[in-house]
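As structure tokens, the structure follows; a few thoughts come after it.
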Ligand code: HAM
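Shown next, in the form of structure tokens:
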């Protein structure tokens with residue numbers, strides 16, 4: 005048997021219903037927030053991904069699927085989609101008018117060569133939103149509330165963990181202080197931190213290996229370096245979130261694993277501290293990739309992690325997600341089957357979810373199948389009625405049964 009590659013999965017059955025449920029709620033919310041859809045390629049030039057995410061990030065240094073294609077091009081399967089959306093914005097000149105806020109959302113597979121475990125796959129799905137021409141902190145509040153409201157609508161309990169990396173001056177002053185403090189302890193740090201000391205010192209705060217060590221307990225605090233402007237921005241954001249009843253916690257050690265963030269950063273954690281999503285502001289990325297000086301922010305949620313959360317809730321509530329159909333058409337003879345196919349086609353074209361049984365099964369078995377599909381109505385065809393232009397409809401809950409003129413069947417089911 006040929007099996008699926010490690011770290012990938014098939015989605016079917018209950019998981020597929022949950023997946024589609026999540027997708028449909030997200031689509032609704034994207035309409036409420038007036039966000040347009042964007043689809044970008046699953047693979048991009050390696051240069052785009054490496055430059056955007058950062059050569060020193062865990063993602064690029066350990067997790068990207070890089071390969072040379074048959075035309076000798078360096079290609080990378082996207083580990084995230086912010087890079088692609090920014091590339092598309094620049095390439096297709098989607099900037100719009102300077103006053104336009106440009107908002108895109110995506111829903112698609114990403115690839116990271118990670119050690120597979122529950123909620124951590126090599127192929128996974130992200131829903132994300134990127135907002136451009138959005139220098140105001142109001143836009144951060146809007147994007148955060150977007151993700152928060154979607155998680156709430158899905159019934160998922162989440163804690164928003166918020167931090168600011170401050171403006172460029174703040175970050176520079178802080179990095180200088182951090183390096184000065186860490187320099188004498190360099191040999192005691194893990195190999196990753198030693199590397200980050202030169203290439204990306206802020207990421208040292210994210211270290212899971214050294215985080216409990218004595219050295220880390222006395223690290224200089226980023227908050228004490230924040231400029232008044234950065235402090236005011238964070239305060240404004242807190243007020244805006246509070247105005248929308250969005251709850252959050254501040255975590256000064258949150259820096260996120262991608263290089264492009266510049267200011268506000270955040271993550272959505274579940275009760276065990278696992279990140280369901282994350283995002284932040286990346287004001288320099290469009291310019292750094294050759295575009296105009298456009299401020300931006302955004303987030304992405306991990307769909308598989310949301311599926312796990314929802315499954316967890318459902319197992320506690322013992323309330324399986326189902327997708328009941330409206331009508332189940334029962335037929336035995338060839339003529340009844342012919343009419344069943346015809347009628348099913350008409351019902352479906354009238355937006356009535358309908359199922360028939362194409363196989364030779366007894367009526368008893370067909371009743372069982374209809375129950376399994378939670379059909380609201382059973383349409384029982386028989387040759388005698390059909391000749392008179394009548395159709396028997398049975399309400400599968402009340403068990404009431406009546407004969408309806410075949411021309412009235414759509415109205416009957418639509419109005420029930
Ligand atoms: P990220 O934090 O790398 O951010 O990923 C966002 C979410 O994707 C994570 O919180 C997690 O739920 C999910 N995720 C990441 N890796 C895996 C995996 N191996 N298996 C399953 N789920 C995973 C970004 O990707 C940024 N592009 C977000 C963003 C958009 N920032 C600004 N705009």
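In the numbering used here, the protein residues as written are 5 to 420.
Positions of the beta carbon are idealized from the N, C-alpha and C atoms, including for glycine.
Whole-Å CB distance - residue i paired with residue j, under 8 Å assumed
i           : j           : result
residue 309 : residue 280 : 5 Å
residue 384 : residue 398 : 6 Å
residue 87  : residue 53  : 6 Å
residue 400 : residue 382 : 6 Å
residue 329 : residue 355 : Rounded, the Cβ-Cβ distance is 12 Å, inconsistent with contact.
residue 136 : residue 106 : 4 Å
Nearest residue (CA-CA) to residue i, options the options
i           : options               : result
residue 409 : 418, 420, 402 and 393 : 393
residue 282 : 74, 159 and 151       : 151
residue 196 : 92, 89, 62 and 115    : 62
residue 77  : 48, 102, 59 and 84    : 48
residue 184 : 65, 154 and 219       : 219
residue 422 : 87, 122, 149 and 142  : Given that the chain is displayed from residue 5 to residue 420, the structure contains no residue 422 and the question cannot be resolved.
residue 116 : 349, 201 and 68       : 68
residue 250 : 163, 368, 227 and 350 : 163
residue 55  : 373, 311, 289 and 37  : 289
residue 186 : 155, 223, 172 and 168 : 223
residue 211 : 293, 181, 246 and 259 : 259
residue 352 : 363, 339 and 333      : 333
residue 235 : 26, 141 and 17        : 141
residue 278 : 34, 16, 361 and 124   : 124
Own chain partners of residue i with C-beta closer than 7 Å, once the 5 adjacent residues on each side are dropped
i           : result
residue 257 : 209
residue 120 : 10, 11 and 126
residue 214 : 193, 194, 197 and 220
residue 144 : 241, 268, 285 and 301
residue 200 : 60, 207 and 208
Residue environment, residue i, which counts as buried when at least 16 other CB atoms sit within 10 Å
i           : result
residue 296 : exposed
residue 130 : buried
residue 327 : exposed
residue 83  : buried
residue 263 : buried
residue 265 : buried
residue 75  : exposed
residue 287 : buried
residue 39  : buried
residue 111 : buried
residue 343 : buried
Own chain partners of residue i with C-beta closer than 6 Å, once the 5 adjacent residues on each side are dropped
i           : result
residue 157 : 29
residue 60  : 203 and 204
residue 92  : 44
residue 230 : 170 and 174
residue 177 : 229
residue 238 : 168
residue 113 : 127 and 129
Proximal residues to residue i (C-beta, below 8 Å), its chain only, five neighbours per side dropped
i           : result
residue 321 : none
residue 172 : 266
residue 305 : 130, 131, 132, 151, 154, 155, 272, 280 and 281
CB contact check: residue i to chain B, cutoff 8 Å
i           : result
residue 204 : Given the protein chain composition of this structure (a single chain), no chain B is represented.
Residue i Cβ short of 7 Å to the ligand ZN heavy atom set
i           : result
residue 304 : This structure lacks the ligand ZN; its bound ligands are the ligand HAM.
Item to check | Sequence ranges, beta strand (DSSP E) only - wholly within the segment 64–119, length at least 3 | outcome: 69–72, 78–81 and 106–115
Checklist entry - What are the complete alpha helix (DSSP H) segments, minimum 4 residues, inside the segment 123–161? => result 141–157
Item to check | Those runs of the alpha helix (DSSP H) which lie wholly inside the segment 335–372 and span at least 4 residues | outcome: 338–353
Next on the checklist: Extract the residue ranges of the alpha helix (DSSP H) inside the segment 176–245, only unbroken runs of 4 or more that lie entirely within it.
Outcome noted: 195–203 and 218–221
Item to check | 4-residue-minimum alpha helix (DSSP H) runs that sit fully inside the segment 12–69, ordered along the chain | outcome: 17–36 and 50–57
Checklist entry - What runs of the beta strand (DSSP E), each 3 residues or longer, lie entirely inside the segment 249–287? => result 252–254, 268–273 and 279–285
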